[in-house]
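Q: Below are the structure tokens for one structure; questions will follow.
Protein chains in written order, with my numbering: chain A, 19 to 243; chain B, 2 to 233.
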């Protein structure tokens with residue numbers, strides 16, 4: 019059965035998204051899986067990692083025993099200072115976001131739709147929600163990349179025609195990495211760009227509610243070189 | 002010069018009345034006024050409204066969740082009113098599910114700007130965040146230069162409890178690294194601002210005026226964190 023084949027690891031998914039970061043981009047990584055993107059550092063690219071708590075330009079996680087207790091990223095992890103780092107307060111940090119200076123934000127999601135909508139803050143059967151800075155970032159960053167499992171734990175598709183859950187922002191997602199491949203959001207819908215090793219386009223379509231566009235130059239998923 | 006230095010956190014929190022609105026900064030576990038929150042917890046004021054990025058964590062440390070768990074808070078403004086992981090059932094989540102506490106969920110950047118609006122005499126502002134989502138439903142929308150925005154209003158407070166790195170006796174404050182977060186805007190937004198201070202409070206004039214994050218005119222009370230205070 020197609021669904022029993024090995025799938026991509028989370029680090030490989032995040033590495034692949036990080037390969038798309040361009041020189042001098044300002045990058046904001048969401049809490050959880052997206053923070054893995056910072057493990058892939060291309061020495062040929064100067065990236066500025068922005069954290070919504072006002073840290074502009076942080077480096078890798080601090081080694082044990084060398085943590086600065088005042089310096090954390092959005093996930094509360096102790097990160098290191100890099101040359102050129104600047105600190106601002108929370109309102110100025112989001113002023114930078116709303117101005118559109120963040121080139122890409124990478125987030126997790128419950129669902130992504132073929133029109134670029136995505137949902138990651140509320141499950142209607144539970145009261146309340148967890149937005150954090152996601153709505154500000156999603157509405158204002160130049161691009162939104164999503165890293166998520168292709169299906170729910172129950173095996174239901176997350177790549178949909180339209181989101182069923184309350185959305186975080188409409189029409190903003192540009193690229194999705196799942197454990198089955200890499201997908202670009204186009205005006206016509208999801209285009210499968212790269213497939214996980216061993217997975218055919220038909221296998222992936224079987225686990226996707228939205229109709230996938232299969233290009234002639236479909237490639238196998240690229241791993242960190 | 003008016004003496005702003007209080008000898009204890011309890012003395013600095015003594016006049017917080019039932020029904021007050023308080024702001025509590027902090028993000029990712031740093032820049033949280035834990036000593037002042039502990040004093041407000043001991044003081045016992047009730048029917049409080051809290052303004053804070055989150056609604057408390059599951060760790061043992063004192064935070065806004067300590068006041069919530071004690072039943073002192075009737076309403077929260079926060080960017081998180083549900084756990085990011087369903088297993089994290091905090092006291093807030095339990096009480097919210099039982100309708101024992103009210104909450105307004107606010108996108109984090111909108112919350113920061115609503116606080117800054119209160120701090121800067123702005124009546125309201127338009128932001129693109131939340132447009133097209135259910136959080137924007139019922140709010141005034143406006144198209145400006147081809148982009149849609151929603152109208153958001155300031156969040157005012159009676160008290161801001163803040164955590165500073167350095168201060169002078171006039172109340173000028175400095176913060177360090179990511180511990181700055183919501184501290185300056187909350188310190189400038191509230192009617193009465195109380196700061197707990199990590200380093201020794203120095204005489205006015207010793208801090209470089211060019212390196213002040215919050216001018217002392219906004220700050221009413223200062224308490225030095227003692228060696229046996231809450232440090233992390």
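Ideal Cβ placement from N, Cα and C applies to all residues, glycine included. Here the structure is a predicted model, which means the values were calculated and not measured.
#1: On the DSSP letters alone, give me the boundaries of the beta strand (DSSP E) that residue 192 of chain B sits inside.
#2: Between residue 150 of chain B and the rest of its own chain, which residues show a CB-CB distance below 8 Å, the 5 nearest in sequence each way excluded?
#3: For a contact meaning CB atoms closer than 7 Å, what does residue 35 of chain B contact in chain A?
#4: Between which two residues does the beta strand (DSSP E) containing residue 185 of chain A stretch?
#5: Please confirm whether residue 151 of chain B has its beta-carbon closer than 8 Å to some beta-carbon of chain A.
#6: Quick one: which residues of the stretch 178 to 210 of chain B get their C-beta closer than 8 Å to a C-beta of chain A? List them in chain order.
#7: How would you list, in chain order, the residues of chain A whose beta-carbon sits under 9 Å from the beta-carbon of residue 29 of chain B?
#8: Taking the alpha-carbon of residue 11 of chain B as reference, which of B:228, B:223, B:232 has the nearest alpha-carbon?
#9: From residue 65 of chain B to residue 57 of chain B, what does the alpha carbon distance come to, in whole angstroms?
#10: Going residue by residue through the stretch 31 to 107 of chain B, where are the continuous beta strand (DSSP E) segments of at least 3 residues, counting only ones entirely within it?
#11: Who are residue 96 of chain A's beta bridge partners in DSSP?
#12: Helix, strand or coil: which one does DSSP assign to residue 184 of chain B?
#13: Taking DSSP as the reference, what is the three-state secondary structure of residue 212 of chain A?
#14: Where does residue 226 of chain B sit, in a helix, a strand or coil, going by DSSP?
#15: Among A:148, A:181, A:141, A:43, which has the Cα closest to the Cα of residue 118 of chain A?
#16: Under 8 Å Cβ to Cβ from residue 120 of chain A, same chain only, skipping five residues before and after it: list those, please.
#17: By the 10 Å Cβ neighbour count, where 16 or more other Cβ atoms means buried, how is residue 86 of chain B classified, buried or exposed?
#18: Spatial neighbours of residue 175 of chain A within its chain, please: CB distance less than 7 Å, with the 5 preceding and 5 following residues excluded, ordered by chain position.
#19: So, does the CB of residue 119 of chain B fall closer than 8 Å to a CB anywhere in chain A?
#20: Which ranges does the alpha helix (DSSP H) cover as unbroken runs of at least 4 residues, wholly within the stretch 129 to 177 of chain A, from first to last along the chain?
#21: Is it the case that the Cβ atoms of residue 159 of chain B and residue 23 of chain B are separated by a distance below 8 Å?
#22: By the 10 Å Cβ neighbour count, where 16 or more other Cβ atoms means buried, how is residue 211 of chain A classified, buried or exposed?
#23: What three-state label does DSSP hand residue 219 of chain A in the structure shown?
#24: Do residue 166 of chain B and residue 200 of chain B count as a contact pair if the criterion is CB distance below 8 Å?
#25: Roughly how far, in whole angstroms, is the beta-carbon of residue 89 of chain B from the beta-carbon of residue 47 of chain B, given that I think they are within contact range, below 8 Å?
#26: Under 7 Å Cβ-Cβ, which residues of chain B neighbour residue 150 of chain A?
#27: According to a CB-to-CB cut-off of less than 8 Å, which residues of the stretch 151 to 169 of chain B neighbour chain A?
#28: For chain A, find out if any of its Cβ atoms is closer than 8 Å to the Cβ of residue 98 of chain B; answer yes or no.
#29: Cβ of residue 147 of chain A less than 8 Å from any chain B Cβ?
#30: Anyone know if the C-beta pair for residue 125 of chain B and residue 153 of chain B falls short of 8 Å?
#31: Alpha carbon to alpha carbon, how far is residue 107 of chain A from residue 71 of chain A?
#32: Mind checking which residues open and close the beta strand (DSSP E) that includes residue 74 of chain A?
#33: Using three-state DSSP, classify residue 46 of chain A as helix, strand or coil.
#34: Grab the span of the beta strand (DSSP E) containing residue 164 of chain B for me, first residue to last.
#35: Hey, is the stretch 137 to 150 of chain A in contact with the stretch 184 to 195 of chain A, meaning 3+ C-beta pairs nearer than 8 Å?
#36: Going by the C-beta, is residue 164 of chain A closer than 7 Å to any heavy atom of the ligand SAH?
A: So, to answer that:
#1: In the DSSP assignment, residue 192 of chain B falls within the beta strand (DSSP E) that extends over 191 to 198.
#2: 127, 128, 129, 132, 142, 143, 144
#3: Against residue 35 of chain B, chain A offers no close residue; the least beta-carbon distance is about 13 Å (beta-carbon pairs closer than 7 Å).
#4: Residue 185 of chain A -> no beta strand (DSSP E), and no H or E assigned at all.
#5: no
#6: Against chain A - using a Cβ distance shorter than 8 Å - the residues of the stretch 178 to 210 of chain B are 178, 179, 180, 181, 182, 183, 184, 185, 186.
#7: 69, 71, 90, 91, 92, 93, 94, 95
#8: Taking only the C-alpha atoms, the option nearest residue 11 of chain B is B:223.
#9: 5 Å
#10: 49 to 52, 74 to 79, 103 to 106
#11: Beta-bridge pairing by DSSP links residue 96 of chain A to A:90.
#12: helix
#13: strand
#14: coil
#15: A:43
#16: 44, 45, 46, 68, 114, 155, 158, 159, 160
#17: exposed
#18: 169, 225, 226, 227
#19: no
#20: 152 to 158
#21: yes
#22: Counting the other Cβ atoms within 10 Å of the Cβ of residue 211 of chain A gives 16 or more, which makes it buried.
#23: helix
#24: yes
#25: Not a contact, Cβ separation roughly 26 Å.
#26: 80, 81, 109
#27: Those would be 166, in chain order.
#28: yes
#29: yes
#30: yes
#31: 7 Å
#32: 73 to 79
#33: strand
#34: 158 to 165
#35: Because the criterion of three Cβ pairs below 8 Å is met, the stretch 137 to 150 of chain A and the stretch 184 to 195 of chain A touch.
#36: In the structure shown, the ligand SAH is absent, as is every other ligand, since no ligand is present at all.
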